[in-house]
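Note that the protein sequences, when read in sequence, are chains W and D. Take the first sequence: its letter number 135 is residue 134 in numbering that gives the first Met the number 0, and every next letter is one higher. Take the second sequence: its letter number 154 is residue 153 in numbering that gives the first Met the number 0, and every next letter is one higher. What follows is a set of notes on a single structure, which appears directly below.
Number of protein chains: 2
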Amino acid sequence: MKNEANKIPYKIYLEESEMPTQYYNVRADMKKKPAPLLNPGTLKPMTFDELRPVFCDELIRQELDDTTAYFDIPQEIQDFYKMYRPSPLVRAYCLEEKLQTPAKIYYKFEGNNTSGSHKLNSAIAQAYYAKQQGLKGVTTETGAGQWGTALSMACAYLGLDCKVYMVKVSYEQKPFRREVMRTYGAQVTPSPSESTEIGRKILSEHPGTTGSLGCAISEAVEDATTHEGYRYVLGSVLSQVLLHQSIIGLETKTAMDKYGITPDVIIGCAGGGSNLGGLISPFMGEKLRGEKDYHFIAVEPASCPSLTRGKYVYDFCDTGMVCPLAKMYTLGSGFIPSPSHAGGLRYHGMSSILSELYDQGLMEARSAEQTEVFTAAEEFARVEGILPAPESSHAIKVAIDEALKCKETGEEKTILFGLTGTGYFDLKAYEQYNNGTMKDYIPTDEELQAGFDGIPKFPGNEI
Amino acid sequence: MKNEANKIPYKIYLEESEMPTQYYNVRADMKKKPAPLLNPGTLKPMTFDELRPVFCDELIRQELDDTTAYFDIPQEIQDFYKMYRPSPLVRAYCLEEKLQTPAKIYYKFEGNNTSGSHKLNSAIAQAYYAKQQGLKGVTTETGAGQWGTALSMACAYLGLDCKVYMVKVSYEQKPFRREVMRTYGAQVTPSPSESTEIGRKILSEHPGTTGSLGCAISEAVEDATTHEGYRYVLGSVLSQVLLHQSIIGLETKTAMDKYGITPDVIIGCAGGGSNLGGLISPFMGEKLRGEKDYHFIAVEPASCPSLTRGKYVYDFCDTGMVCPLAKMYTLGSGFIPSPSHAGGLRYHGMSSILSELYDQGLMEARSAEQTEVFTAAEEFARVEGILPAPESSHAIKVAIDEALKCKETGEEKTILFGLTGTGYFDLKAYEQYNNGTMKDYIPTDEELQAGFDGIPKFPGNEI
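Listed below in structure tokens is the structure:
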């Protein structure tokens with residue numbers, strides 16, 4: 000009934016004809032650009048040719064291009080998007096009423112697809128360019144399984160091979176994720192495996208190991224570079240991924256503009272940065288061009304606080320140290336977040352675009368502990384209906400904080416946050432929360448120092 | 000690109016202002032009405048007063064009313080619907096292209112909410128009327144957990160107590176479903192339990208039993224009738240449930256009318272009948288009034304073939320024989336479908352509305368075996384993106400069959416089917432299918448006869 004007066008529907012869906020036809024590259028509007036990827040051997044910027052054995056050509060072009068503002072979205076990708084996009088921009092009337100806040104809360108919900116998250120936006124783009132290049136397939140790693148699922152779906156649609164190296168402990172503990180990927184025709188291999196040299200080496204040195212993301216990346220890269228017609232793809236961190244994810248922000252902005260809504264605060268959870276970067280890109284563009292101002296807040300877990308407690312230096316993107324060096328806020332590629340932490344956002348670093356924006360003071364960062372995040376998740380689920388992913392719930396937590404501040408001050412701020420996905424595959428964590436056995440974990444300064452000690456040292460890369 | 004020429008979008012979403020504000024009661028347009036519920040003791044039609052200790056007053060009124068065509072949807076229910084409805088009517092362009100069929104395929108997708116299915120449509124209505132009556136809460140049983148989840152969500156929203164008796168084997172084997180319900184604040188009890196007299200009796204007679212749906216119903220009914228301020232609610236079979244589910248068909252019809260689309264064939268899976276009944280209601284109304292003709296197809300599992308191999312007689316609605324007698328197509332309330340059968344649709348009977356329509360020759364029924372259903376599910380998932388529930392996949396199977404027939408004949412039929420939900424909690428079954436260990440099961444005539452032998456015998460109820 001509240002919405003009758005406001006004339007703003009519970010859910011704003013764009014028409015197909017209003018959907019974005021171009022991705023937006025926020026780097027084009029940054030005066031000081033993110034630092035380039037470095038070759039760890041030469042410490043010189045990675046060139047197109049150096050990246051070609053690993054990545055698809057068009058994706059390298061996108062990765063290296065920090066001046067072109069818009070990239071056309073190919074028709075086949077647009078058609079795929081039409082199967083699950085536009086995603087709804089939801090007015091959280093019920094949450095507002097529950098909180099008794101004068102704030103207006105909106106969230107962009109990316110969980111209404113079988114992969115359960117925004118990852119599909121980049122998976123289809125990456126798979127498309129691989130197919131365009133005439134490749135047979137792609138390889139990747141997956142931990143919790145969201146990215147692997149998204150990539151499997153994209154590859155099934157395009158008829159591409161999809162090889163997923165899944166961290167062995169997840170392969171065994173998350174059989175449902177594995178089966179979704181297999182249903183979509185992916186070849187899912189527990190890592191470390193006997194399929195690669197690095198896998199065999201690790202297995203012989205550490206029999207019985209349950210694997211790690213670093214090891215899975217190394218296997219996926221080796222598989223891609225030793226098989227004709229394959230390339231490696233990655234679901235976050237890279238600038239190309241933020242480019243594809245800009246579809247989230249572009250749709251959001253179009254929907255808000257249509258109803259004359261201007262957000263004051265824009266909040267997103269941040270692991271590698273793909274969702275937050277995608278959501279804020281067009282708004283940040285306006286801020287960079289001096290057209291408008293917004294208050295951006297990145298929310299990361301207190302157990303893996305790369306922005307709030309990390310260093311802004313060059314570091315390896317992967318624990319296996321096979322990928323190029325990226326300048327980013329990092330806890331060190333050897334930093335392993337507590338296994339008690341639920342869900343994603345466990346990445347030691349942060350997108351170099353977001354790192355640079357944060358370093359320039361254009362964005363705030365906060366950390367949240369997981370029990371308070373699940374408290375927010377439960378409150379949200381009960382009034383808004385959607386069971387959120389633990390990752391997304393970091394943004395919910397801070398959105399609620401901001402809405403309660405408005406209640407105190409009486410300000411009618413418009414709060415926008417990204418609801419990246421659903422928690423259907425995270426119910427072990429919900430069970431812990433429901434049973435009161437969930438623990439918080441904040442790394443000590445000594446633990447962080449151990450991570451920093453692993454950061455490569457070279458002139459200009461002082462911590 | 001195909002859709003550019005057709006001008007029909009991939010997904011048709013109604014505006015909030017176009018959403019139905021009344022439920023449609025198909026019984027009002029039936030010349031020969033479904034037979035009334037009978038009191039098993041007196042064999043006379045159940046009266047309002049006899050039903051009051053078990054069900055909410057308004058729901059009894061709806062159950063017994065076979066003449067009022069439209070019931071207003073209360074504003075609070077309409078507001079709740081706006082959180083997850085209108086559900087999309089999807090044009091299956093990708094499936095059409097994969098099948099190379101001239102048929103036009105549409106599906107109404109009810110899985111875009113946390114309960115994962117259409118069950119929420121009736122859960123919120125039943126919870127609302129309970130609250131209106133000033134009750135403290137409701138009780139119910141759940142097997143696979145879809146209905147229990149939906150009811151938990153509805154009760155959390157309205158601030159009602161929700162007690163769910165979950166068949167013990169499911170409680171243990173489907174911990175995720177259990178945790179979703181707990182996150183929504185429901186009290187979930189494995190059945191049989193120590194909380195009820197019937198539960199204690201069964202436990203003492205059969206220590207170590209893993210429970211049954213019949214036992215869980217008996218416990219839920221006992222709990223409701225022995226606690227002040229509680230009533231029992233049910234997620235399918237009853238005519239009130241079909242009334243609430245008519246929202247599916249009403250939205251579908253509005254969306255199709257908006258684009259000038261007329262379906263030739265309308266297909267739904269059928270367990271207790273809530274989804275199929277809801278989808279076809281307004282179309283069946285037109286057929287009953289002689290305004291239009293449609294070809295309706297109910298699809299049931301070959302392992303639980305109530306329409307295709309059952310008897311049209313009075314039978315108990317529950318295996319515990321505590322509920323009234325309903326005239327319906329039934330396999331006998333003692334019939335237990337093979338445990339190898341995946342997902343829902345395991346109900347021994349069928350909605351008395353659908354049974355009567357089928358008996359009058361207004362609807363076709365077919366059965367499908369589960370491996371062919373999963374083959375259809377996988378094909379659908381790979382091209383349309385959505386991972387379907389096993390239940391829904393029965394409708395997909397027949398929709399594909401019909402589309403392939405059109406390919407042979409060249410007919411450009413318009414096929415509509417109901418996609419009731421997602422398969423995120425059915426991945427054990429997908430795993431069996433992926434591993435090639437899934438088995439089909441068709442009951443023998445002798446097994447069916449054993450079920451028929453349990454049907455109550457009285458004058459006029461001959462098999």
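Yeah, the Cβ is synthetic: ideal placement off N, Cα and C, and Gly gets one too.
In this structure asparagine 274 of chain D is buried. Its beta-carbon is surrounded by 16 or more other beta-carbon atoms within 10 angstroms. Residues of the same chain with a CB within less than 6 Å of the CB of serine 392 of chain D, apart from the 5 flanking positions on each side, are Val372, Ala375, Ala376 in chain order. Of the candidates W:Tyr12, W:Lys118, W:Asp452, W:Trp146, the residue whose Cα lies closest to the Cα of valine 312 of chain W is W:Asp452. Pairing arginine 84 of chain D with asparagine 120 of chain D, the inter-Cα distance amounts to about 9 Å.
At a cut-off of 8 Å between C-beta atoms, methionine 82 of chain W counts as an interface residue with respect to chain D. The shortest CA-to-CA distance from arginine 308 of chain W to any of W:Glu178, W:Leu330, W:Lys326 is the one to W:Leu330. DSSP places histidine 347 of chain D outside both helix and strand once states are collapsed to three, so it counts as coil.
Boundaries of the alpha helix (DSSP H) around lysine 404 of chain D: 389–408. With fewer than 16 other Cβ atoms inside 10 Å of its own Cβ, arginine 51 of chain W counts as exposed. Nearest to leucine 306 of chain W by alpha-carbon distance, out of W:Thr318, W:Ser354, W:Lys291, is W:Ser354.
In the structure shown, serine 238 of chain D falls within a helical segment according to DSSP collapsed to helix, strand and coil. Taking the CA atoms as reference points, proline 44 of chain W sits about 10 Å from alanine 325 of chain W. With contact defined as three or more Cβ pairs closer than 8 Å, the region 32–47 of chain D and the region 60–72 of chain D are in contact. Straight across, the Cα-Cα distance linking alanine 102 of chain W with glycine 259 of chain W is about 16 Å. Aspartate 292 of chain W sits in coil when the DSSP states are folded into three classes, being neither helix nor strand. Note on proline 336 of chain D: 16 or more other CB atoms within 10 angstroms of its CB, so buried under the neighbour-count rule.
Restricting attention to W:Gly277, W:Gly348, W:Thr408, W:Leu403, the CA atom closest to the CA of glutamine 99 of chain W is found in W:Leu403. Taking the C-beta atoms as reference points, glycine 272 of chain W is found nearer than 8 Å to valine 236 of chain W. Residue environment for glycine 133 of chain W: exposed (fewer than 16 other C-beta atoms within 10 angstroms of its C-beta). Beta-bridge partners assigned by DSSP to lysine 103 of chain W: W:Thr413. Residues of the same chain with a CB within less than 6 Å of the CB of methionine 18 of chain W, apart from the 5 flanking positions on each side, are Pro85 in chain order. About 7 Å separates the beta carbons of leucine 241 of chain D and serine 280 of chain D, which is inside the 8 Å limit, making them a contact pair.
For glutamine 359 of chain W, no beta strand (DSSP E) encloses it, and the DSSP letter there is neither H nor E. With a 10 Å radius around the Cβ and a threshold of 16 neighbouring Cβ atoms, phenylalanine 457 of chain W comes out exposed. Within 8 Å of the CB of proline 281 of chain D, no CB atom of chain W is found; the nearest one sits about 23 Å away. Taking 8 Å as the cut-off, the beta carbon of alanine 301 of chain D is found closer than this to the beta carbon of glutamate 368 of chain D. Taking a C-beta cut-off of 7 Å against chain D, the contacting residues of the region 170–194 of chain W are Pro174, Phe175, Glu178, Val179, Arg181, Thr182, Tyr183, Gly184, listed in chain order. Histidine 205 of chain W is classed as exposed because its beta carbon has fewer than 16 other beta carbons within 10 Å across all chains shown.
Within its own chain, the residues whose Cβ lies closer than 6 Å to the Cβ of aspartate 28 of chain W, once the five positions on either side in sequence are excluded, are Gly284, Leu287, Arg288, listed in chain order. Membership of methionine 152 of chain D in the alpha helix (DSSP H) is indicated by the continuous run 145–157. At a cut-off of 8 Å, the C-beta of cysteine 161 of chain W has no neighbouring C-beta in chain D. Using a 10 angstroms sphere on the CB of proline 442 of chain W, the tally of other CB atoms reaches 16 or more, which defines it as buried. For the pair asparagine 24 of chain D and glycine 384 of chain W, the Cα-to-Cα distance works out to about 27 Å. Straight across, the Cα-Cα distance linking alanine 124 of chain W with tyrosine 22 of chain W is about 11 Å. Between the alpha carbons of methionine 327 of chain D and threonine 141 of chain D lies a gap of roughly 22 Å. For alanine 155 of chain W, the neighbours in chain D by C-beta distance under 7 Å run, in chain order, Arg381.
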